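The structure appears below as structure tokens.
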Ligand code: NAD
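In this note's numbering, the protein residues as written are 585 to 940.
Given below as structure tokens:
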């Protein structure tokens, strides 16, 4: 597969990842190489990765953080900054983030801020990180229940997608990543959506191609609008309600936390319903999207009380301006509409539709 050029980096695939990474190390000669992993990628991905990285005389230090969204915090960043400092990392040091979106988001933020910025490379190991989190330069951490509230936009040098890491990814995490691929179809390309929702006709070997197509879509959008002034907002389809739902389930002890993609799938269903009311999405496409998403994602119970708190959480959404919540909705599959304003009554109606 050909590499993909982003604004400041290049995305490489499979064996080319190691050729290019090793070239990069040889030509830039980092003073030290740091690899950030989480508990799982330490066990499942690191041994295989180390076998293929040629670091020569350069010292390699591995830093491990606990896995899971609840650890995407400033406290963990402090631990990583301190570790970098203790190991005498300097501005010529390189940080490699080997993991899912939590590791690439947090590691990218740590690298962007340590000594005002050191170079970093993302090696995504989850499907979600491959098709979404590792591309586009958004880095950061959560602030309590507020998703990605703290962060900077700063691209790494290389994104290396080795799809063989997916061999050990649990099935529910594969499904979670699939939500973002579905989103790419819904906001950008109806044909891609159709392929994804008729996957029984495809062989698993087609997954590489589908990941590639998703990265192309994400990259086209972020290249045109790196700082989310306009077009990039379309990537937030399903995320306004999805993030609020994810935060709510993460923070409430009586709820089982949802995976990012599971929350986004609910958000997409709700926002698809809103699209029929606000910007003319047809009933036919509502049904198509509904069936397509529910093929992969089961429904989750969201009580009336939950709905109230979730709606309150919308006030913290980063797309809001002057206190008004702005949604990305769909006029049709592949045709998003930015900055839609929706009443709370309609959101409650969308929850009723979702429960029905
Ligand atoms: P994650 O990083 O928590 O990974 C999911 C789980 O899979 C973790 O337990 C991890 O340890 C495990 N794992 C990862 N790779 C594995 C492998 N190859 N084998 C076995 N286990 C493996 O979560 P995620 O779903 O990858 O990413 C979600 C995060 O990404 C969220 O924090 C979200 O905000 C962020 N995100 C960022 C962007 C962006 O543009 N920066 C876009 C979308 C999502």
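Ideal Cβ placement from N, Cα and C applies to all residues, glycine included.
Quick caveat, the model's predicted, so the values are computed rather than measured.
Identity of the residues DSSP links to residue i by a beta bridge
i	result
residue 742	594, 705
residue 924	911
residue 648	621
residue 916	919
residue 818	DSSP, once it has assigned bridges, lists no residue as partnering residue 818.
residue 735	724
Cα-Cα separation, residue i to residue j
i	j	result
residue 793	residue 780	11 Å
residue 914	residue 684	29 Å
residue 883	residue 612	49 Å
residue 681	residue 896	34 Å
residue 773	residue 918	5 Å
residue 936	residue 871	15 Å
residue 598	residue 892	45 Å
residue 600	residue 932	49 Å
residue 703	residue 614	9 Å
residue 881	residue 764	12 Å
Beta carbon of residue i nearer than 7 Å to that of residue j
i	j	result
residue 718	residue 697	no
residue 796	residue 585	yes
residue 705	residue 731	no
residue 993	residue 826	With the chain covering only 585 through 940, there is no way to say anything about residue 993.
residue 629	residue 709	yes
residue 714	residue 737	no
residue 843	residue 833	no
residue 822	residue 767	yes
residue 588	residue 756	no
residue 631	residue 771	no
Cβ-heavy atom distance, residue i to ligand 2, below 6 Å
i	result
residue 655	In terms of ligand content, the structure shown lacks ligand 2 and carries ligand 1 instead.
Cβ neighbours of residue i in the same chain (closer than 7 Å, five flanking residues each side left out)
i	result
residue 657	725, 726
residue 624	651
residue 739	590, 591, 592, 593, 721
residue 735	693, 722, 723, 724, 725
residue 665	694, 698
residue 661	690, 693, 694, 725
residue 831	729, 730, 731, 897
Proximal residues to residue i (C-beta, below 6 Å), its chain only, five neighbours per side dropped
i	result
residue 699	675
residue 808	815
residue 898	828, 909
residue 602	636
residue 638	606
residue 924	862, 911, 913
Chain-order list of residues whose beta-carbon lies under 8 Å from that of residue i (same chain, five-residue window excluded)
i	result
residue 874	853, 856
Beta carbon proximity, residue i to chain D, threshold 7 Å
i	result
residue 865	Looking for chain D here will not work: only one protein chain is present.
Does the count of Cβ pairs from the segment 617 to 627 and the segment 667 to 683 closer than 8 Å reach three?
yes
Exercise. For the segment 864 to 876 against the segment 829 to 845, are there 3 or more C-beta pairs whose distance is under 8 Å?
Worked result: no
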